[in-house]
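Colleague:
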Amino acid sequence: MRARLVQVVLLAVGCVGFAAPVRGQGTLSTQGFGYPLGGLSTRAAATGGALSEFDHLSSRNPAALTLWGRTGLYVQYDPEFRSVESGAATDRTTTSRFGAIAAGFTVGERWSIGVSSHAFLDRSWATNFRSGQRLGDDSVSYAERFSSKGGINDNRVAVAYRLHPKVVLGAGLHLLSGENRLNLVREFDDSVRYGTLTRDISLTYSGTAASAGIVVSPFRRLALAGSYRQGGSMKLRVVDTLRTEANVPSRYGVAVRLEPLSGVSLLVGADRTEWSRMNGLGSASAAAQDTWEYSAGAQFAGQRLRNTPWTYSVGYRQRDLPFAAAGVPVTEKLFAGGLGIPIAGPRGMLELALQRAVREAATATSERAWLLSVGFIVRP
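Using this note's numbering, read the sequence shown as starting at -13 and increasing by one per residue.
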């Protein structure tokens, strides 16, 4: 029996789920190695991600770091309130995430430097089900709980250089690291005779990548941005023993910002992530697919507080998620809105964003979620 339980836990190492998507990892969105957060700040999330290529608080384009201006510190909290429906059954969960922490400063008139850590893949879920097995001449039933906590973070150090008043270049180095803490508890109905069995295991991840980006403003009210990340090797260890090796997903993205009126910005963007480069890090059932992401949003400047304007944002984002549920691709649509509130003039800004996520696959299971994001910027 011990050997069988160890095998069950090792299946989790390979990200092998159960037959049904709801049982497999409790949701549509946390299959495989987890839910991709996208490296978005609260401000960028409020525009559906369309602002991300121009945003110094997001992790996508290092050329955007020049927007730090003066030295600053940023922290972000991202809870998710999720409901999953499968047939007549409904399950509701709340997941707490610390989305980002970042700091930046300028050197002279042309250079900007930033360090940050963003949530990359979140793999927090739990599932409960009943089953049974034969033990000798007996047939015994049990309740089993399988859970995972943790994820992978994208840690970046980057620089930006203003080559020309209308051209900014940027480059960054990334270290991806994280941990999944897996727990399996099997409680037999006849606990006096068979007891309760518990197994814990930790998976650790490490990987590297490099990124480059550019922001160009050919005209006064028009800006173009693009970035590229080249993924390096990525390793999975179980209790400090190297088990598998693959690659960090490469990605590239482009965006356009148009300001038809003073205080109004219209944004569109597209992003491609090569998630299939992670294949081989887990089992064949955890195979990832390359995905496209499309976004559109708008920002508006409002009333001023201590000579700093409030900002209002709306946006829409559509994408496929990298990991399938029971072999079926999962799509996600997000409707977003938010605001930025100056609380200490230019020295402090509270950012709020609310997203409504609709996740579906060609199965009987559907998922809905509210994603709240709270960001706080301090400039001493």
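Backbone N, C-alpha and C fix where the C-beta goes; we use that ideal spot for every residue, glycine too. Predicted, not measured: the structure shown is a model, and the values here were computed from it.
1) Express the C-alpha separation of Lys319 and Ser219 in angstroms, rounding to a whole number.
2) Could you check if Pro7 is buried or exposed, using at least 16 other CB atoms within 10 Å of its CB as the buried criterion?
3) If you count every other CB in all the chains shown that lies within 10 Å of the CB of Thr57, and 16 or more means buried, which is it?
4) Please report the Cβ distance between Ser82 and Trp111, rounded to the nearest whole angstrom; I am assuming they are in contact, meaning their Cβ atoms lie under 8 Å.
5) Expressed to the nearest angstrom, what Euclidean distance is found between the alpha-carbon atoms of Trp367 and Tyr302?
6) Which value, in whole angstroms, describes the spacing of the CA atoms of Gly3 and Asn169?
7) Taking all protein chains shown into account, do 16 or more other C-beta atoms lie within 10 angstroms of the C-beta of Leu114, making it buried, or fewer, making it exposed?
8) Count the other CB atoms, across all protein chains shown, that sit within 10 Å of the CB of Gly22; report buried if there are 16 or more and exposed otherwise.
9) For Gly137 versus Leu107, is the C-beta spacing smaller than 8 Å?
10) Indicate whether the contact test is met: 3 or more Cβ pairs, each with one atom in the segment 36 to 45 and one in the segment 240 to 255, closer than 8 Å.
11) Expressed to the nearest angstrom, what Euclidean distance is found between the alpha-carbon atoms of Phe233 and Thr194?
12) Specify, as a first and last residue, the run of the beta strand (DSSP E) that Ala273 falls within.
13) Using the rule of at least 16 other Cβ atoms within 10 Å of the residue's Cβ for burial, across every protein chain shown, is Gln341 buried or exposed?
14) Reducing DSSP to helix, strand and coil, say where Arg263 ends up.
15) Taking the CB atoms as reference points, tell me whether Val202 and Lys152 lie closer together than 8 Å.
16) Just how far apart, CA to CA, sit Gly283 and Ser44?
17) Quick check on the burial criterion: 16 or more other C-beta atoms within 10 angstroms. Buried or exposed for Gln289?
18) For Val316, which residues from the same chain have a beta carbon less than 8 Å from its beta carbon, with the 5 sequence-adjacent residues on both sides left out?
19) Which residues mark the beginning and the end of the alpha helix (DSSP H) in which Thr28 is found?
20) CB Arg109 to CB Gly20, shorter than 8 Å?
21) Just the C-alpha distance for Ala274 and Ser352, rounded to the nearest angstrom, thanks.
22) Grab the span of the beta strand (DSSP E) containing Phe174 for me, first residue to last.
23) Mind checking whether Arg263 and Gly217 have CB atoms under 8 Å apart?
24) Report buried or exposed for Pro48, applying the criterion of at least 16 other Cβ atoms within 10 angstroms of its Cβ.
25) Can the beta-carbon of Ser359 be found less than 8 Å from the beta-carbon of Gly85?
26) Measure the alpha-carbon distance for Asp388 versus Phe67 and round it to whole angstroms.
27) Return helix, strand or coil for Glu95, following the three-state DSSP convention.
28) What are the partner residues of Val344, as DSSP defines its beta bridges?
29) Quick one: give me the first and last residue of the beta strand (DSSP E) that Gly193 is part of.
30) Straight-line CA distance for Pro204 to His150?
31) Given a cut-off of 8 Å on the beta-carbon distance, is the pair Thr349 and Val314 in contact?
32) Measuring from the CB of Phe91, is there a heavy atom of the ligand SAH at a distance below 7 Å?
33) Just how far apart, CA to CA, sit Tyr128 and Asp186?
34) Ignore the nearest five residues each way along the sequence and tell me which others in Leu208's own chain have a CB closer than 7 Å to its CB.
35) Just curious, the beta strand (DSSP E) that Gln17 is in, first and last residue?
Modeller: So, to answer that:
1) Numbered from 1 along the sequence shown, position 233 holds the residue referred to as residue 219. Numbered from 1 along the sequence shown, position 333 holds the residue referred to as residue 319. Taking the straight line joining both Cα atoms gives about 31 Å.
2) Your numbering for residue 7 matches position 21 in the sequence shown. Legend: pLDDT at Pro7 = 37, less than 50; position of this residue unreliable, value from coordinates given subsequently. Buried, by the Cβ-count rule.
3) Position 71 of the sequence shown holds residue 57. By the 10 Å Cβ count, Thr57 comes out exposed.
4) Counting from one through the sequence shown, the residue named residue 82 turns up at place 96. Counting from one through the sequence shown, the residue named residue 111 turns up at place 125. At roughly 13 Å, the Cβ-Cβ gap does not stay under 8 Å, so Ser82 and Trp111 are not in contact.
5) Because the chain in this structure spans residues -13 to 366, residue 367 falls outside the shown range and cannot be described.
6) Position 17 of the sequence shown, counting from 1, holds the residue named residue 3. Position 183 of the sequence shown, counting from 1, holds the residue named residue 169. The pLDDT assigned to Gly3 is 37, lower than 50, so where the model puts this residue is not dependable; a value taken from the coordinates is nonetheless given after this. In this structure, the alpha-carbon of Gly3 lies about 14 Å from that of Asn169.
7) Within the sequence shown, numbered from 1, the residue matching residue 114 stands at position 128. First, the amino acid is wrong: residue 114 is Asn here, not Leu. Under this definition Asn114 is an exposed residue.
8) As a working note, residue 22 is residue 36 in the sequence shown. Before going on, a small fix: residue 22 reads as Pro here, not Gly. Buried: at least 16 other Cβ atoms inside 10 Å.
9) As a working mapping, residue 137 is identified with position 151 in the sequence shown. As a working mapping, residue 107 is identified with position 121 in the sequence shown. Result yes, Cβ atoms of Gly137 and Leu107 sit closer than 8 Å.
10) Using a Cβ-Cβ distance cut-off of 8 Å, the segment 36 to 45 and the segment 240 to 255 are in contact, since at least three pairs of beta carbons, one from each stretch, lie closer than that value.
11) Your numbering for residue 233 matches position 247 in the sequence shown. Your numbering for residue 194 matches position 208 in the sequence shown. The sequence shown places Asn at residue 233, rather than the Phe named in the question. Distance between the alpha carbons of Asn233 and Thr194: 9 Å.
12) Numbered from its first residue, the sequence shown carries residue 273 at position 287. For Ala273, no beta strand (DSSP E) segment is defined, and its DSSP state is neither H nor E.
13) The sequence position of residue 341 within the sequence shown is 355, counting from 1. The residue is buried, with at least 16 neighbouring Cβ atoms inside 10 Å.
14) Here residue 263 refers to the residue found at position 277 of the sequence shown. When DSSP states are grouped into helix, strand and coil, Arg263 belongs to the helix group.
15) Looking up residue 202 in the sequence shown gives position 216. Looking up residue 152 in the sequence shown gives position 166. Yes, they are a contact pair.
16) Against the sequence shown, residue 283 aligns to sequence position 297. Against the sequence shown, residue 44 aligns to sequence position 58. Roughly 16 Å separates the two Cα atoms.
17) Position 303 of the sequence shown, counted from the first residue, corresponds to residue 289. Exposed.
18) Numbered from 1 along the sequence shown, position 330 holds the residue referred to as residue 316. Contacts found: Leu14, Ser15, Gln17, Asp306, Leu307, Phe309, Ala310, Arg345, Glu346 and Ala347.
19) Your numbering for residue 28 matches position 42 in the sequence shown. Its alpha helix (DSSP H) spans residues Thr28 to Ala31.
20) Looking up residue 109 in the sequence shown gives position 123. Looking up residue 20 in the sequence shown gives position 34. Yes.
21) Numbered from its first residue, the sequence shown carries residue 274 at position 288. Numbered from its first residue, the sequence shown carries residue 352 at position 366. Taking the Cα positions, Ala274 is about 20 Å away from Ser352.
22) Taking the sequence shown and counting its residues from 1, the one referred to as residue 174 is at position 188. Here the beta strand (DSSP E) through Phe174 covers Val153 to Phe174.
23) The sequence position of residue 263 within the sequence shown is 277, counting from 1. The sequence position of residue 217 within the sequence shown is 231, counting from 1. Closer than 8 Å, so yes.
24) Stepping through the sequence shown from its first residue, residue 48 is reached at position 62. By the Cβ-count criterion, Pro48 is buried, with 16 or more other Cβ atoms from all chains shown falling within 10 Å of its own Cβ.
25) In the sequence shown, counting from the first residue as 1, residue 359 sits at position 373. In the sequence shown, counting from the first residue as 1, residue 85 sits at position 99. It is a contact, given that the beta carbons lie within the stated cut-off.
26) Outside the displayed span of the chain (-13 to 366) sits residue 388, for which this structure offers no information.
27) Translated into the one-based positions of the sequence shown, residue 95 becomes position 109. In this structure, Glu95 counts as coil in the three-state DSSP scheme.
28) Position 358 of the sequence shown, counted from the first residue, corresponds to residue 344. DSSP lists Lys319 and Arg354 as partners of Val344.
29) Along the sequence shown, one-based indexing puts residue 193 at 207. Segment Thr182 to Phe205, the beta strand (DSSP E) holding Gly193.
30) Counting from 1 along the sequence shown, the entry for residue 204 is found at position 218. Counting from 1 along the sequence shown, the entry for residue 150 is found at position 164. One alpha carbon belongs to Pro204, the other to His150, and they sit about 11 Å apart.
31) Numbered from 1 along the sequence shown, position 363 holds the residue referred to as residue 349. Numbered from 1 along the sequence shown, position 328 holds the residue referred to as residue 314. Yes, the pair counts as a contact, with Cβ atoms nearer than the cut-off.
32) Annotation note on the ligand SAH: not contained in the displayed structure, which lists no ligands.
33) For the purposes of this step, residue 128 is taken as the residue at position 142 of the sequence shown. For the purposes of this step, residue 186 is taken as the residue at position 200 of the sequence shown. Rounded to the nearest angstrom, the two C-alpha atoms are 18 Å apart.
34) Within the sequence shown, residue 208 is the residue found at index 222, counting from 1. When the five nearest sequence neighbours on each side are left out, the beta carbons in the same chain lying within less than 7 Å of the beta carbon of Leu208 are those of Leu244, in order along the chain.
35) Within the sequence shown, numbered from 1, the residue matching residue 17 stands at position 31. Taken as a continuous stretch (DSSP letters only), Gln17 belongs to no beta strand (DSSP E), as it is neither H nor E.
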